[in-house]
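Okay, so here's the structure we're looking at.
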Amino acid sequence: MNFLYKKIFFYFSFFIFLSFKSYSAEVNAETFVLKLTNEAKLIFNDKSLNLESRLKKLNDISQNYLDLDALAGYTLGDYRDKATSAEKDSFNKLFREYFIKNMSSKLNDFADQELKILDSKKINENNIIVSTKIFSKKDAQEINVDWRIYSKESKLLARDLVVEGLSLARTQREEFASIIASRGFAGVINALETFNKSH
Amino acid sequence: MKKTLLAFTFLVLFNSKTIYASNLPDCSESINRSFFAFNMAVDKYFIKPIAEIYNVLPVEARSSINNALLNIETTISVPNQILQGNFGEAVISISRFAINSTIGILGLFDPATALGLEKTNREDFGQTLAVWGIDHGCYAVAPFLGPTSPRDLVGRIVGIYGDYFYMVTTGDKTVLGENLGDTVYWVTKGTDLINFRSQNIKSSENLEKNSLDLYSTYKSLYLQRRENLIKNSKRAENQYGASEDDWKKIK
Numbered sequence: 138m139n140f141l142y143k144k145i146f147f148y149f150s151f152f153i154f155l156s157f158k159s160y161s162a163e164v165n166a167e168t169f170v171l172k173l174t175n176e177a178k179l180i181f182n183d184k185s186l187n188l189e190s191r192l193k194k195l196n197d198i199s200q201n202y203l204d205l206d207a208l209a210g211y212t213l214g215d216y217r218d219k220a221t222s223a224e225k226d227s228f229n230k231l232f233r234e235y236f237i238k239n240m241s242s243k244l245n246d247f248a249d250q251e252l253k254i255l256d257s258k259k260i261n262e263n264n265i266i267v268s269t270k271i272f273s274k275k276d277a278q279e280i281n282v283d284w285r286i287y288s289k290e291s292k293l294l295a296r297d298l299v300v301e302g303l304s305l306a307r308t309q310r311e312e313f314a315s316i317i318a319s320r321g322f323a324g325v326i327n328a329l330e331t332f333n334k335s336h
Numbered sequence: 355m356k357k358t359l360l361a362f363t364f365l366v367l368f369n370s371k372t373i374y375a376s377n378l379p380d381c382s383e384s385i386n387r388s389f390f391a392f393n394m395a396v397d398k399y400f401i402k403p404i405a406e407i408y409n410v411l412p413v414e415a416r417s418s419i420n421n422a423l424l425n426i427e428t429t430i431s432v433p434n435q436i437l438q439g440n441f442g443e444a445v446i447s448i449s450r451f452a453i454n455s456t457i458g459i460l461g462l463f464d465p466a467t468a469l470g471l472e473k474t475n476r477e478d479f480g481q482t483l484a485v486w487g488i489d490h491g492c493y494a495v496a497p498f499l500g501p502t503s504p505r506d507l508v509g510r511i512v513g514i515y516g517d518y519f520y521m522v523t524t525g526d527k528t529v530l531g532e533n534l535g536d537t538v539y540w541v542t543k544g545t546d547l548i549n550f551r552s553q554n555i556k557s558s559e560n561l562e563k564n565s566l567d568l569y570s571t572y573k574s575l576y577l578q579r580r581e582n583l584i585k586n587s588k589r590a591e592n593q594y595g596a597s598e599d600d601w602k603k604i605k
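Okay, here's the thing in structure tokens:
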């Protein structure tokens, strides 16, 4: 009988331990999103920054908060396995610059909006989805934004934004796939170079 | 003969193979790209300028118009909620419609939500066909209508003739002994288009500025949106499924 109690106590403690571990991972991910958005807002609201300084600061944020190499790999889709390491290096470098310039333009409109954390859910061992709502007083609009947060060796990094159910990573991947199908991988490199030079 | 032709067309349009939306075949891409360019020009010179003027209206006015348009859309959603077997949602939709059309003054206000009747999912006949297991068919862009597929195009056509609002305006049915007339129908549909466009001005400008291939960006967004509508998913959960395997490959 005593053995049975011990066994029940062990399983109960183990369950509590696992639940707490999972719960704390989700709380950490929520705090991470708040920190990321607050730091980004400071940059967008700092009117003294010129475009070059803003991009530099965003690049610094991206090093600490975004998993851009993973995102680059994901957006390459099926071509990821065919690309040589030289091609991947070249693509990753161009993609990073493209992404930061792209985000700088996209997020500028959201700088004055309020973000509220709704909840978070661990969907598998390394991925947590943090659900947020962004409020725009000016347009009287509410936008649902979900953040895919990847945890690796206790470090958290954002991998994707899903705005009203539309994944930015998936949209980007399908855009690259279309270019690869019509103009090959060189077409993607060329398109990224052209964009980066003109923005 | 007509029936055989119709059945044949149906089979050609909806091949039986299950296709995941992101891999949907673009059977007539060059024609689609031409229609896409045409639609973008129509938008640039006609629709967007009107939407920009519409945005000058106070937020409260636009919000009320949006409420009224959503209320009218209930006449499309309810039959499709029933056809999809969502009877509970249909009852809520009908209750919301009754409350908002009367107390809410023709749907301009939304007292139903305040009374605890939350908004239900928007349904159309294209979604119903998808729930019934009919595949998209090839991706297509229709002039003036934009991104679509044979399934959604059939859904739109059936949806017009099966819409109670169409019947009591352009059709020969009456509501409270009156037919509301063609003008009410076309003004409502025109306002709906401008209202939708006005809500997406910033995001579409961003896409135009930052996309490397605008055509495929719109294609991807359209397909993701349709997937979400069919699965009644508003958040990221719809993205876990197929894309999750790809994410797992990334270390």
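Just so you know, the protein sequences line up as chains E and S, in that order.
Residue numbers for the first sequence follow our numbering, beginning at 138 and rising by one.
Residue numbers for the second sequence follow our numbering, beginning at 355 and rising by one.
Yeah, the Cβ is synthetic: ideal placement off N, Cα and C, and Gly gets one too.
Being a predicted model, the structure only gives us computed values, none of them experimental.
Inset, instruction - Scan the stretch 462 to 536 of chain S and note each continuous alpha helix (DSSP H) run of 4 residues or more that stays entirely inside, going in chain order. - result: Those alpha helix (DSSP H) runs which fall completely within the stretch 462 to 536 of chain S and span 4+ residues are 465 to 468, 479 to 485, 504 to 515 and 518 to 521.
Legend entry - Of the listed residues E:Q278, E:L173, E:K194 and E:F228, nearest to L208 of chain E (C-alpha basis): E:F228
Legend entry - Rounded C-alpha distance that separates A220 of chain E from N201 of chain E: 27 Å
Legend entry - Rounded separation between N440 of chain S and I180 of chain E - CA only: 47 Å
Legend entry - Any C-beta of chain E under 7 Å from that of N582 of chain S: So, interface residue.
Legend entry - chain S contact for T308 of chain E (CB, 7 Å cutoff): yes
Inset, instruction - For the alpha helix (DSSP H) containing V445 of chain S, list its first residue and its last residue. - result: F441 to T456
Legend entry - Short CB-CB distance (under 7 Å) between G210 of chain E and chain S: yes
Inset, instruction - Could you name the residues of chain S that L293 of chain E contacts, counting a contact when the two beta carbons are closer than 7 Å? - result: What L293 of chain E touches in chain S: nothing, since even the nearest Cβ is about 15 Å away.
Inset, instruction - With 7 Å as the threshold, decide whether the Cβ of N564 of chain S is near any Cβ in chain E. - result: yes
Inset, instruction - Anything in chain S within Cβ reach of E251 of chain E, meaning under 7 Å, just list it in chain order. - result: Within 7 Å Cβ-Cβ: nothing; E251 of chain E doesn't reach chain S, min ~16 Å.
Legend entry - Cβ distance (whole Å) where F451 of chain S is taken to contact T428 of chain S below 8 Å: 4 Å
Legend entry - Member of E:F232, E:D183, E:E251 and E:R296 whose CA lies at the smallest distance from the CA of N333 of chain E: Closest option to N333 of chain E, Cα to Cα, is E:F232.
Legend entry - Run of the alpha helix (DSSP H) containing L192 of chain E, from where it starts to where it stops: L188 to Y202
Legend entry - 8 Å Cβ shell around I401 of chain S - same chain, five flanking residues per side excluded: L547, I548 and R551
Inset, instruction - Have a look at R307 of chain E and L329 of chain E and give me their C-alpha separation to the nearest angstrom. - result: Computed Cα separation, rounded: 17 Å.
Inset, instruction - Give me whichever residues DSSP pairs with W601 of chain S in a beta bridge. - result: Bridge partners of W601 of chain S: none, in fact.
Inset, instruction - In the DSSP assignment, find the alpha helix (DSSP H) that holds Y211 of chain E and state where it starts and stops. - result: L205 to L213
Inset, instruction - Flag W540 of chain S as yes when its Cβ comes closer than 6 Å to any non-hydrogen atom of the ligand ZN, and as no otherwise. - result: The ligand ZN is absent from the structure shown, which contains no ligand whatsoever.
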